[in-house]
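Undergrad:
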Amino acid sequence: MMTCVSFALLDKADDGMERRIGENKLLQDHLIGREGSDFLLATSEETVMFEGVKTLQMRLDERKSEDLTIIVSEGDVDYSMHSYHAYADPFNTPGLVEDHRIGDGFIFKADRTYDSPEDNLRLLRAIKSGEKVRGVYRKDGIVSALMDSRTFMARTGPFHPTVEDLLKPFKARGKGGVKAHLIAFNVKKGKITVDNTFKPKTVKVR
17 MMTCVSFALL DKADDGMERR IGENKLLQDH LIGREGSDFL LATSEETVMF
67 EGVKTLQMRL DERKSEDLTI IVSEGDVDYS MHSYHAYADP FNTPGLVEDH
117 RIGDGFIFKA DRTYDSPEDN LRLLRAIKSG EKVRGVYRKD GIVSALMDSR
167 TFMARTGPFH PTVEDLLKPF KARGKGGVKA HLIAFNVKKG KITVDNTFKP
217 KTVKVR
């Protein structure tokens, strides 16, 4: 059985938070009885630049719980090289060599589809030429990460890179760039998560 996880962001937490939840069309669909969906909502204790962040949806095979790591930038960025290092670079993610559960590599979906590690050089050339990675999947077709120009949403734990390996590419790319915020979720079966008021933990995205 599959469940569709939708991640949405609200502005700084205030008295109007419940009203803004009610104005979100996807949430309305769920609250009136739409089944098969879990919603993750986050709002910040501090003012952060979330304007223009779109709702991102990921379909998951249903388990008792699921760990997700989400990075949201304050401006448009390209997460393609970050995803390459996290899912195809064994120097960044040793589990690609040491852990048989991810040792077969991943599939990258951009303008075309690239199998890693077989297509690593082609994938790098494509990224350098401007192709943008929008999704990373295990070899069995199960989604591992999705991204757009503002949000990077990734599954962690068994059969996926660890949180530490996901964050290494962000820490290694030098100074400057766009400020981004790190949010972590544990999705439990049948739960709707609406109380994730967080204090921003920032990283830089180049």
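Quick note, the sequence shown lines up with residues 17 to 222 if you use this note's numbering. Beta carbons are placed, not taken as given, at the ideal position from N, Cα and C, and that holds for glycine.
1) Who are the Cβ neighbours of glycine 121 in its own chain at under 6 Å, not counting the five residues just before and after it?
2) Alpha carbon to alpha carbon, how far is lysine 70 from aspartate 92?
3) For phenylalanine 175, which residues of its own chain have a beta-carbon under 7 Å away from its beta-carbon, when the five flanking residues on both sides are left out?
4) Can you tell me which of Leu198, Ser89, Leu183 puts its alpha carbon nearest to the alpha carbon of threonine 109?
5) Just how far apart, CA to CA, sit threonine 218 and isoleucine 87?
6) Valine 152 and serine 160 - do their beta-carbons sit closer together than 7 Å?
7) Label glutamate 82 either buried or exposed according to how many other C-beta atoms from any shown protein chain fall within 10 Å of its C-beta, with 16 as the threshold for buried.
8) Check whether the Cβ atoms of serine 89 and alanine 196 sit closer than 7 Å, and answer yes or no.
9) May I ask you to report which of helix, strand or coil DSSP gives isoleucine 199?
10) Which partner residues of phenylalanine 186 appear in the DSSP bridge assignment?
11) Kindly provide the ranges of any alpha helix (DSSP H) runs that are 4 or more residues long and lie completely inside the stretch 126–177, ordered along the chain.
12) How would you call proline 185, buried or exposed, if buried means at least 16 neighbouring beta carbons within 10 angstroms?
13) Restricting to Cα atoms, I'd like to know which of Leu84, Tyr100, Leu72 is closest to arginine 141.
14) Grouping DSSP H, G and I as helix and E and B as strand, with all else coil, what is aspartate 83?
TA: In this structure, then:
1) Spatial neighbours of glycine 121 in its own chain (CB-CB distance under 6 Å, excluding positions within 5 residues in sequence) are listed in chain order as Ser132, Pro133.
2) C-alpha separation (whole angstroms): 12 Å.
3) Around phenylalanine 175, the same chain offers Arg117, Ile118, Arg154 as residues with beta carbons nearer than 7 Å, after the five sequence neighbours per side are excluded.
4) Measuring from the Cα of threonine 109, the nearest candidate turns out to be Leu183.
5) Only weak support is given to the placement of threonine 218: the predicted model assigns it a pLDDT of 48, under 50, and the value that follows is read from those uncertain coordinates. Here the alpha carbons of isoleucine 87 and threonine 218 stand approximately 9 Å from one another.
6) The answer is yes: Cβ separation under 7 Å.
7) Classification for glutamate 82: buried.
8) In contact: serine 89 and alanine 196 (Cβ atoms closer than 7 Å).
9) Here isoleucine 199 carries a strand assignment [DSSP, helix/strand/coil].
10) BP columns for phenylalanine 186 are empty, so no partner.
11) Listed in chain order, they are 136–144.
12) Looking at its Cβ environment, which holds 16 or more other Cβ atoms inside 10 Å, proline 185 is buried.
13) Considering only Leu84, Tyr100, Leu72, the residue with the shortest C-alpha distance to arginine 141 is Tyr100.
14) Under the three-state reduction of DSSP output, aspartate 83 falls in the strand class.
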